[in-house]
Structure formats: C-alpha cells, structure tokens
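Under the numbering used here, the first residue of the sequence shown is numbered 23, with each subsequent residue one higher.
From the three backbone atoms N, C-alpha and C, an ideal C-beta is built for every residue, glycine too.
Quick notes on the structure that follows.
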Amino acid sequence: MEHIKAFMRRKNIVISARRYGIDALGAMAQGLFCSLLIGTILNTVGSQFHVGFLTAQIITINKVGYTIGGMASFMSGAAMAVAIGYALQAPPMVLFSLATVGYACNALGGAGGPLAVLFVAIIATECGKAVSKETRIDILVTPIVTTLVGIGGAWVIAPPIAAVASAFGQVIMRATELQPFLMGILVSVLVGVALTLPISSAAICSVLGLTGLAGGAAVAGCCAQMVGFAVMSFRENGWGGLVSQGLGTSMLQMPNIVRNPKIWIAPTVTSAVTGPLATCLFRLEMNGAAINSGMGTCGLCGQLGVWTGWVAPSETALANGAAAMVPGVMDWAGLLLISFVLPAVICPLINALCQKAGWVKPGDLTLAG
C-alpha cells in the first residue's frame, strides 16, 4: 500500500473531492464557456444583426456547413477535456491527447455529453499521468494509453451517463412545469448557492441540460447571489466590489461566509423570492445554451442566454419543446426585474434586518485585498 501511495504522490494523482468536484468541474465549465457558449453567442449575434462573416459557412464536415460560432460549439468536447486535464495538472502528452478523448466522449454522450466528458476525462488523465515518462518510448505510450482509455471509457460509460443525466434534468424541468412555485424556490436557491460555493453552477446546469422554466429559476438564483452580494456590500467594497461581484462572481465572498455564514442569509432568501416570481409570475424561460442557466450576471451571460433562447433556442431547448418567439414588454420586464432590480432592492433590505438582529456587522462583507 505504501508503494502505491508513493507512486501516486510521484505522479501527482490526488483522489479527492476538491480536485475532481471543484478543480476539474470548474475547469470544465471554463472549457464549455470558451467553446459552446462563445459559439452560441457568435451565431446569435451574427444571425440577429446580419453580420456576414459570422453567418458565413467557413467549413463543411460530413456535408454539414459550420460558421465560426458553429466550429467553436463543435469543439466543446475537446475544449472541456483539455480544460479538465489542465486542472488535474496533466503532463503535455496527456493534455494534448485529451482533445480526441473529449470530442469522442461528447459525441457519444449526446445531451449528457458534458457529464460524460467530466468522468471520462478524469479517468483518462489519471491513467495517462500514471504511465507518463515511465518508458523510453513515452512519446508513443503516453498518448496511446490516454487515447485508448479515454475512448474506451467513452464507448462504455458515456451513453448510460448521458441517459441518467438527461433523465434527471428532464425530471427537474418537468417538476418545475408542474410545481413552478415550489420548484422555483428549490432550483433558484440550490443553483444560486452552488454559484457562490467553489463549484461550478454553470457546469451543473450544463450537465443536467437545464432550460425552460427550470433554467429561468436557475438564472434568478444566480442573479440573487451576484447582484445581492454586490449591492449589499457596496458600502464596504465600493465600485470595484460592485463590478467584481455583480459581473464577476459572488464566490469572492466565500472567505467571509466561512467566517460568518449569516451574511449568506440575505442573498439566499432573495433567491427564494425571485425564483418563484420568475417561474410563476413572469414565466421566465432560459432556452439558450444550458450553461447560461448557471452563469447569472457573470459577463451578462445569463441574460444573453435568455435573449438567445427567445430568438434562436438551443438544440437542447428545442428538443424540450421550446420555440423562437418575439419577446414582449412582460418578457423584458421580467428579465430586468429578476436579474437586476429585485436582487438589488430585496437583498440589502433583508441584510439590514440581519444587521439589526446583530447577525451581520460592519466589515463582515469586506473583500480581501
């Protein structure tokens, strides 16, 4: 056993919830952002504003034409796998081999491709690291082992993983349609909390394929956390804190939450209010790429996702019955109120009550540095 532990230390193979559930998952979301999400945005901008070079088909693969955005989306599996390998500190030969693994896994995984990529890329990376530089023909052994393990794993486990993830996502979305009030609260609170925790709410939403009303509730929860923390901590953090939290991430407050968990009450309660308002009153649906459901106001990606879903629903949303629409006044009002206005008003009010109760004190929300 000691020999095995020593070998794993030497190979930097660390089996832990943090490395796989936080580092790898967070990196996967970044890879997905830089491929599928950026591709979706480019395609939507090109089609809606008639930008010629964004709508032109630049390459044809198997008789299917792809735009610039289409190619970015096409490579999402490879981007996710390489990002995961980078997070796991894979050697170069392993890292480069993961491009093929990710593409194959995402293709075999279908709607649940991102979750399949997460599992398979982790397995392939660790196996590749184990054999890396152990032979004199490392240039052959390492990429062959990484590729065979990865594609073999994709062939065996990607379809069932995809089926489970897709089924679970469908259950959440169907339950939200049947019980929009209760599920609006549940989805909004849980996804919002995930966004502030050092895990990736974007990756979770993408893995589950959350669109429709459930996606709208997820957007509401994320915005409640980001805008809520940004506005209620403005006195301590000023404009820099407003922008870094409101357009960046509420995860910046995690050190403060660890010191005083009660500062989390206001944004979490806010998400419990805005979630059902999104699902019941405004019927806010997020039918863009599912990753947008977990982005909130980060780079305004949540709002871009809602808008994209209105004018050009994603394939996942279309499969779930979504259709393009012309947004009305109520749609725009719902998006603005849920995303910005209500969190900016409700969260500071609740935090003021927490301060009066002595649960939150001046300085508790001050960002480090």
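request  = Find the nearest neighbour of Ser223 within the set Gln247, Thr82, Leu200, judged by alpha-carbon distance.
outcome  = Gln247
ask   = What do you get for Ala379, buried or exposed, if any count of 16 or more other CB atoms within 10 angstroms of its CB means buried?
value = With fewer than 16 other Cβ atoms within 10 Å, it is exposed.
ask   = If you draw a straight line from the alpha carbon of Met347 to that of Trp332, how long is it in whole angstroms?
value = 5 Å
query = Nearest-angstrom Cα distance between Gly68 and Thr233?
reply = 22 Å
message = Would you call the segment 139-155 in contact with the segment 46-61, where contact means no fewer than 3 C-beta pairs closer than 8 Å?
response = Yes, the segment 139-155 touches the segment 46-61.
query = Going along the chain, which residues of its own chain have a beta-carbon closer than 6 Å to the beta-carbon of Ala197, five neighbours each way excluded?
reply = Met205
key: Tyr88 - partner residues in DSSP beta bridges   = Ile81
CA nearest to the CA of Ala103, picked from Cys227, Val295, Gly356, Gly135 = Gly135
ask   = Which residue or residues does DSSP assign as beta-bridge partners of Gly234?
value = Met308
inquiry  = Please list the terminal residues of the continuous alpha helix (DSSP H) segment that includes Ser188.
reply    = 160-200
message = According to DSSP, is Leu389 part of a helix, a strand, or is it coil?
response = coil
ask   = At what residues does the alpha helix (DSSP H) containing Ser398 begin and finish?
value = Residue 398 falls outside the range modelled here, since the chain spans only 23 to 391, and no answer is possible.
inquiry  = Please classify Ile161 as buried or exposed, where buried requires at least 16 neighbouring CB atoms within 10 angstroms.
reply    = exposed
request  = On a CA-only basis, which of Ala94, Ala101, Ala100, Lys151 is nearest Val36? Give me that one, please.
outcome  = Lys151
inquiry  = What does the alpha-carbon distance come out to for the pair Val116 and Leu219?
reply    = If you take the alpha carbons of Val116 and Leu219, they lie about 29 Å apart.
Check whether Val408 and Leu357 have beta carbons under 7 Å apart = Past the edges of the chain, shown from 23 to 391, lies residue 408, and the structure says nothing about it.
Euclidean distance between Cα positions of Gln267 and Ala345 = 33 Å
query = Using CA coordinates, which residue listed in Ala51, Leu364, Lys27, Met93 is at the minimum distance from Val249?
reply = Val249 has its Cα closest to that of Leu364, out of Ala51, Leu364, Lys27, Met93.
query = Apart from the five residues on each side of it in sequence, which residues of its chain come closer than 7 Å, Cβ to Cβ, to Val163?
reply = Val153, Thr157
key: Other residues of its chain near Ala105: CB distance less than 7 Å, five sequence neighbours each side excluded   = Ala49, Met50, Gln52, Gly53
query = If we count the other Cβ atoms within 10 Å of its Cβ and call it buried at 16 or more, is Gln79 buried or exposed?
reply = exposed
message = For the alpha helix (DSSP H) containing Ile287, name the first residue and the last one.
response = Where Ile287 is concerned, the enclosing alpha helix (DSSP H) stretches over 287-298.
query = What whole-angstrom Cβ distance do Leu130 and Ala176 have, given they're in contact under 8 Å?
reply = 5 Å
ask   = Between the segment 306-314 and the segment 55-67, are three or more C-beta pairs nearer than 8 Å?
value = yes
query = In three-state terms, what does DSSP make of Gly350?
reply = coil
request  = Write down the C-beta distance between Leu215 and Thr290 rounded to the nearest angstrom, noting that I regard them as a contact closer than 8 Å.
outcome  = The question names Leu, yet the displayed sequence has Val at residue 215. That belief holds up - the Cβ atoms of Val215 and Thr290 are roughly 7 Å apart, short of 8 Å.
message = Quick check on the burial criterion: 16 or more other C-beta atoms within 10 angstroms. Buried or exposed for Ser38?
response = exposed
Beta-carbon contacts of Gln111 that lie in its chain and below 6 Å, excluding the five residues immediately before and after = Excluding sequence neighbours, Gln111 sits near Asn34.
request  = Could you tell me the distance, in whole angstroms, from the CA atom of Cys127 to the CA atom of Ala300?
outcome  = Cα-Cα distance, rounded: 35 Å.
query = Which same chain residues, not among the five before or five after Gln377, have their C-beta less than 6 Å away from its C-beta?
reply = none
message = Using CA atoms only, rank isn't needed, just tell me which of Ile372, Leu212, Ala187 is closest to Lys284.
response = Ile372
inquiry  = According to DSSP, simplified to helix, strand and coil, what is Lys378?
reply    = helix
ask   = Does the distance from the C-beta atom of Gly243 to that of Gly321 stay below 7 Å?
value = no
query = If you count every other CB in all the chains shown that lies within 10 Å of the CB of Gln325, and 16 or more means buried, which is it?
reply = buried
task = Kindly indicate which three-state DSSP category Glu258 falls into: helix, strand or coil?
result = Helix, per DSSP.
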